[in-house]
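K.L.:
So that we are looking at the same thing, I have put the structure below in structure tokens.
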Amino acid sequence: MTTPTQKRLASATAARQTAADGSDRSHRRWLMVGLCFFGLTINYVDRGNLGVALPKMKTDLGLGAGAEGVVLAAFFASCAVFQLPAGHAVDRWGEKIVNTFAVTWWSLFTALTAAAGSFATLIVMRLGLGAGESGGYPSSAKAVSVWFPTRARAFATSIYASGARVGTAAALPIVAALIAWLGWRGSFIITGAFGLVWVVFWLRFYRRPREDAGISPAELEYIEEGGARVEEKEAEEENRDASSVRYRDPAHVASIGGIQNFASNLAGLLGATTTGALVGLSGGSFAAALVLSGVLGLVGAFSYLVIVQRIEPLPVRA
């Protein structure tokens, strides 16, 4: 007579075999990283639309050169400040909840920018946008950590991160076309709507592997055998089995992502304010600002050679 434990082991063995040869394996993980890709694409379209619309806006709102720099820096200031709390929130409440709130929040502030009638209201809108967009990267990093085995995470990360580059490149033609059609105020309403539409798909399709009805046993086995982390509660239940250690990846991947992106947004804040100051001091020339940014880039590259040593996985203790 076959016991429930034997049936479970037989099922796990069969799933492990199909996971190894790729047969009967679904591809739900690619849907999830695709959602993250489009989310970050919209993220960067919404943060970049001001740069395209600003020449039109400064006339209507009476913005000078100094005010432009402050407006651009406001986004990076709030994004940097909220980056660490956003990462912690993702680790605590999960990527689905936090990303839903974040994208809805920044999309509303993008659309509300259309109502800006002064320098002060524009600053408020940019601060709100930066606060919301701080949740994008940590949520995507968390999604990859639960949907991809460790050996496939670099490629998955490159997919969702490329959304930032696509969004930056797409912002210029998309926003320029919208401004020509609807004016700069209309362009913010339309780009804000992009994120709200995306939220509908995120809520409809995003699940964690063990909650997803469309995932096959083979894909689930492939993901978890490769070191993707499951819920801490589930891992504790499997603690009697030494093999459960493979599920014990750190639960703080989103918080770490928040630290990384805090640095990048801090650089965006300092870059905008420093450039504005140098241009003002030099009588309108960008030469000093460009030289400084080039030198700092070389210093950063050199730091990788000197400070960052060989990176290898830590050994797993039995």
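Per the working numbering, the sequence shown starts with residue -12, numbered consecutively. We put the CB at the ideal spot given by N, CA and C, even for glycine. In this text, all values refer to a predicted model and were calculated from it rather than measured experimentally.
Given a threshold of 16 other Cβ atoms within 10 Å of its Cβ, counted over all protein chains shown, does Val282 qualify as buried or as exposed?
P.N.:
The residue you call residue 282 lines up with position 295 of the sequence shown. Exposed is the call here.
K.L.:
Is there a C-beta anywhere in chain C that falls below 7 Å from the one on Leu41?
P.N.:
In the structure shown, chain C does not exist; there is a single protein chain.
K.L.:
Can you list, in chain order, the residues of its chain with a C-beta nearer than 8 Å to that of Ser149? Leave out the 5 residues immediately preceding and following it.
P.N.:
Here the question's residue 149 lines up with position 162 in the sequence shown. Phe24.
K.L.:
Taking the CB atoms as reference points, tell me whether Thr178 and Asn30 lie closer together than 7 Å.
P.N.:
Taking the first residue of the sequence shown as position 1, residue 178 is located at position 191. Taking the first residue of the sequence shown as position 1, residue 30 is located at position 43. No, the pair does not count as a contact, with Cβ atoms beyond the cut-off.
K.L.:
Under 8 Å: do the region 37 to 47 and the region 69 to 83 share three or more Cβ pairs, one atom per stretch?
P.N.:
Note that the region 37 to 47 does not touch the region 69 to 83; fewer than 3 beta-carbon pairs, one per stretch, sit closer than 8 Å.
K.L.:
Thinking C-beta only, is Asp199 closer than 7 Å to Arg15?
P.N.:
Position 28 of the sequence shown holds residue 15. Position 212 of the sequence shown holds residue 199. It is a contact, given that the beta carbons lie within the stated cut-off.
K.L.:
What residue range does the alpha helix (DSSP H) around Asp47 cover?
P.N.:
On the sequence shown, position 60 is the one that residue 47 refers to. Arg15 to Leu48 is the extent of the alpha helix (DSSP H) around Asp47.
K.L.:
Identify whether Arg140 lies in helix, strand or coil by the three-state DSSP scheme.
P.N.:
Within the sequence shown, residue 140 is the residue found at index 153, counting from 1. Of the three classes helix, strand and coil, the one that applies to Arg140 here is helix, per DSSP.
K.L.:
Straight-line CA distance for Gly186 to Ala101?
P.N.:
In the sequence shown, residue 186 corresponds to position 199, counting from 1. In the sequence shown, residue 101 corresponds to position 114, counting from 1. Before going further, note that residue 186 is Val rather than Gly in the sequence given. Looking at the two C-alpha atoms, the distance is approximately 21 Å.
K.L.:
Candidates Cys66, Leu22, Trp134 and Thr108: which alpha carbon is nearest Glu120's?
P.N.:
As a working note, residue 120 is residue 133 in the sequence shown. The candidate whose alpha carbon is nearest that of Glu120 is Cys66.
K.L.:
Using CA coordinates, which residue listed in Ile110, His75 and Trp80 is at the minimum distance from Leu48?
P.N.:
Here residue 48 refers to the residue found at position 61 of the sequence shown. For the residues Ile110, His75 and Trp80, the minimum Cα distance to Leu48 belongs to Ile110.
K.L.:
What is the DSSP secondary structure of Ile309, counted as helix, strand or coil?
P.N.:
The displayed coordinates of the chain run from -12 to 305. Any statement about residue 309 would go beyond what the structure contains.
K.L.:
Work out the CA separation of Trp92 and Ser272 for me, nearest whole Å.
P.N.:
Counted from its first residue, the sequence shown places residue 272 at position 285. Counted from its first residue, the sequence shown places residue 92 at position 105. Cα-Cα distance, rounded: 37 Å.
K.L.:
For Arg306 versus Val133, is the C-beta distance shorter than 7 Å?
P.N.:
For the chain, the structure presents residues -12 to 305; residue 306 sits outside this window and is missing.
K.L.:
Could you give the DSSP three-state label for Ala288: helix, strand or coil?
P.N.:
Taking the sequence shown and counting its residues from 1, the one referred to as residue 288 is at position 301. Of the three classes helix, strand and coil, the one that applies to Ala288 here is helix, per DSSP.
K.L.:
Residue range of the alpha helix (DSSP H) that Phe88 falls in?
P.N.:
Counting from 1 along the sequence shown, the entry for residue 88 is found at position 101. Segment Glu82 to Leu99, the alpha helix (DSSP H) holding Phe88.
K.L.:
Can you tell which of Gly122, Thr137 and Leu27 has the C-alpha that lies nearest to the C-alpha of Gly81?
P.N.:
Along the sequence shown, read from residue 1 onward, the residue named residue 81 stands at position 94. Cα-wise, what sits closest to Gly81 is Gly122.
K.L.:
Where does Asp199 fall in DSSP's three states?
P.N.:
As a working mapping, residue 199 is identified with position 212 in the sequence shown. Residue state, collapsed to three classes: coil.
K.L.:
Taking DSSP as the reference, what is the three-state secondary structure of Ser272?
P.N.:
For the purposes of this step, residue 272 is identified with residue 285 of the sequence shown, where counting begins at 1. Secondary structure at Ser272: coil, using DSSP grouped into helix, strand and coil.
K.L.:
Excluding the 5 residues flanking Phe106 on each side, which residues of the same chain have their C-beta closer than 7 Å to its C-beta?
P.N.:
For the purposes of this step, residue 106 is taken as the residue at position 119 of the sequence shown. Excluding residues within five positions, the ones whose Cβ falls inside 7 Å are Leu48, Leu50 and Ala54.
K.L.:
So, Phe188 versus Thr97, is the Cβ gap smaller than 7 Å?
P.N.:
For the purposes of this step, residue 188 is taken as residue 201 along the sequence shown, with counting starting at 1. For the purposes of this step, residue 97 is taken as residue 110 along the sequence shown, with counting starting at 1. No, they are not a contact pair.
K.L.:
Of the residues Leu59, Ala89, Ala167 and Glu211, which one's Cα is nearest the Cα of Thr261?
P.N.:
As a working mapping, residue 261 is identified with position 274 in the sequence shown. Thr261 has its Cα closest to that of Leu59, out of Leu59, Ala89, Ala167 and Glu211.
K.L.:
Within the same chain, show all residues whose beta-carbon is closer than 7 Å to that of Thr144, passing over the 5 residues directly before and after it, in chain order.
P.N.:
Stepping through the sequence shown from its first residue, residue 144 is reached at position 157. Around Thr144: Val131.
K.L.:
When you compare the CB positions of Trp171 and Met44, do they come within less than 7 Å of one another, or not?
P.N.:
Numbered from its first residue, the sequence shown carries residue 171 at position 184. Numbered from its first residue, the sequence shown carries residue 44 at position 57. Yes, they are a contact pair.
K.L.:
Can you name the start and end residues of the alpha helix (DSSP H) that Arg113 belongs to?
P.N.:
Within the sequence shown, the letter at position 126 stands for residue 113. Its alpha helix (DSSP H) spans residues Phe106 to Glu120.
K.L.:
Quick one: what does DSSP say Arg172 is sitting in, helix, strand or coil?
P.N.:
On the sequence shown, residue 172 is found 185 positions in, with the first residue counted as 1. Here Arg172 sits in helix by DSSP.
K.L.:
Could you check the C-alpha separation between Ser280 and Val85 for me, to the nearest Å?
P.N.:
The sequence position of residue 280 within the sequence shown is 293, counting from 1. The sequence position of residue 85 within the sequence shown is 98, counting from 1. Ser280 and Val85: Cα-Cα distance of roughly 34 Å.
K.L.:
In angstroms with no decimal places, state the Cα-to-Cα distance between Val278 and Thr108.
P.N.:
For the purposes of this step, residue 278 is taken as the residue at position 291 of the sequence shown. For the purposes of this step, residue 108 is taken as the residue at position 121 of the sequence shown. Rounded to the nearest angstrom, the gap between the Cα atoms of Val278 and Thr108 is 33 Å.
K.L.:
Any idea if Val286 is buried or exposed, counting beta-carbon neighbours within 10 angstroms, 16 or more meaning buried?
P.N.:
Looking up residue 286 in the sequence shown gives position 299. It counts as exposed.
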